[in-house]
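Everything in the sequence shown is counted per this note's numbering, starting at 887 for the first residue and increasing by one. Idealized CB from N, CA, C, for every residue including glycine. None of the values given here were measured: they were computed from a predicted structure.
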Amino acid sequence: MEAMKIIFCNSMKKVIIVLVLIITIHPMNAQENLEEQDELITNIFNYGMLINSQTTEITPKGTFELRIQHRFGELDLNDFGNSVVQEFLGFDGSANIRFGFVYAPSHKLQLGIGRTKINKMIDLEGKYRVMRQKEVGAPISVTLYFNTAISTIDFPEVGPNEFFADFETPFEYKNSHRFSYNSQLLLSKKIGETLSFELNPTFIYQNLVPPGYKNLTLATSIGCRFRTGITSSILFEYAAKFNNRKDNFKNPISLGYEIATSGHAFQIIIATTNQIIEQSVYSSRTLDYTDGKLLIGFNIRRTFWNGNN
């Protein structure tokens, strides 16, 4: 089992390197005319999220979008009978859910707000499109993403023997400890009509972290979409954390099946984390899929078009 984990980690490092090359390398063709240079590559992804991670897509100008992300309880494949009969595939277990709402005031800017059950987290987000992939002249799409989250859960009681990291200053919770921040550079590339890749270098900053951890976490998520039909796709997502790791931390991995139209999207997913916003994805316990631990969830997107679209 340990050898399997080592092989997988080494394989994922190679995948990340190959993905960087695929996204950044663009064949040049001197015979392309000016009209082709201006032709945009559309529908790299169906909407602004892959599974847990962001994509470079922005909802159309003037539209509102409702997002519902739900994660059920843990499923243990080594105890399949109990997981199916007693826990009903994790549906009876502890769940997490996020309701999000986004609006695009322009073709380049998207703003959003969401609320997540775990830690009663409220987050504000913004996404700005820098560049869109074209047939010639722009090999990739580039978007900037920012998210600020605040935990509204009540602080626990602090014992008399708890201190800050200097082991001298008595510890006390402050309102600033509730905040965490997520900044990302989103890169994507569509190859042909069926295959799309996403690479997201990520910087997470948390005002309060456990002893032994740094406030800044460096990470990246990689993902892809393989289109299987006019409205259906298979999704894959892998999130790698480069620091603030403990021996028992496993990089989150997710697999999904998506059915999408211009106004709706539904995803059924299998994942190894019940967290939803990325500040929590990279800082919370994950399940060990090599030990048969995973969970089921779904994402729903509904776009509301105004009369001018």
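Check, Outcome
"Between S992 and the rest of its own chain, which residues show a CB-CB distance below 8 Å, the 5 nearest in sequence each way excluded?", "K947"
"For the alpha helix (DSSP H) that contains E1164, what are its first and last residues?", "E1164 to V1167"
"Between which residues of its own chain and A1122 is the CB-CB distance below 7 Å, once the five residues before and five after are set aside?", "Sequence inspection shows Phe at residue 1122; the Ala mentioned does not correspond to that position. Excluding positions up to five away in sequence, the list reads G1109, C1110 and L1141."
"Report yes if the C-beta distance between I1186 and T1002 is below 8 Å; otherwise report no.", "no"
"I'd like the span of the beta strand (DSSP E) that includes P1087, first residue to last.", "L1081 to Q1092"
"Roughly how many angstroms lie between the CA atoms of S1069 and P1087, to the nearest whole one?", "9 Å"
"Can you tell me whether K1076 is buried or exposed? The criterion is at least 16 other CB atoms within 10 Å of its CB, across all chains shown.", "buried"
"Would you call the segment 1154-1170 and the segment 1033-1053 touching, i.e. three or more CB-CB distances under 8 Å?", "yes"
"Mapping the DSSP letters down to three states, classify R1187 as helix, strand or coil.", "strand"
"Apart from the five residues on each side of it in sequence, which residues of its chain come closer than 6 Å, Cβ to Cβ, to I983?", "H956 and K1003"
"Looking only at C-alpha atoms, which of I930, E951, T1158 and K1100 sits nearest to T1189?", "E951"
"Is it true that the CB of I927 sits closer than 8 Å to the CB of E1021?", "yes"
"CB L1072 to CB Q940, shorter than 8 Å?", "yes"
"Rounded to a whole number of angstroms, what is the C-alpha to C-alpha distance between Y989 and E1043?", "39 Å"
"Between the alpha carbons of F1135 and E925, how many angstroms are there, rounded?", "44 Å"
"Given a cut-off of 8 Å, decide if T1038 and I999 are closer than it, judged by their beta-carbon atoms.", "no"
"What does a CB cutoff of less than 6 Å around F886 pick up in its chain, not counting 5 residues either side in sequence?", "For residue 886 there is no data in the structure shown, the boundaries of the chain being 887 and 1195."
"Which residues does DSSP list as the beta-bridge partners of T1103?", "I1090"
"Exposed or buried, what is N938 when buried is set at 16 or more other beta-carbons lying within 10 Å of its beta-carbon?", "buried"
"Taking the C-alpha atoms as reference points, what is the distance between E1048 and A1105?", "30 Å"
"Taking I1026 as part of the beta strand (DSSP E), name the residues at either end of that continuous run.", "Segment: none, I1026 is in no beta strand (DSSP E) and carries neither H nor E."
"May I ask you to report which of helix, strand or coil DSSP gives S992?", "coil"
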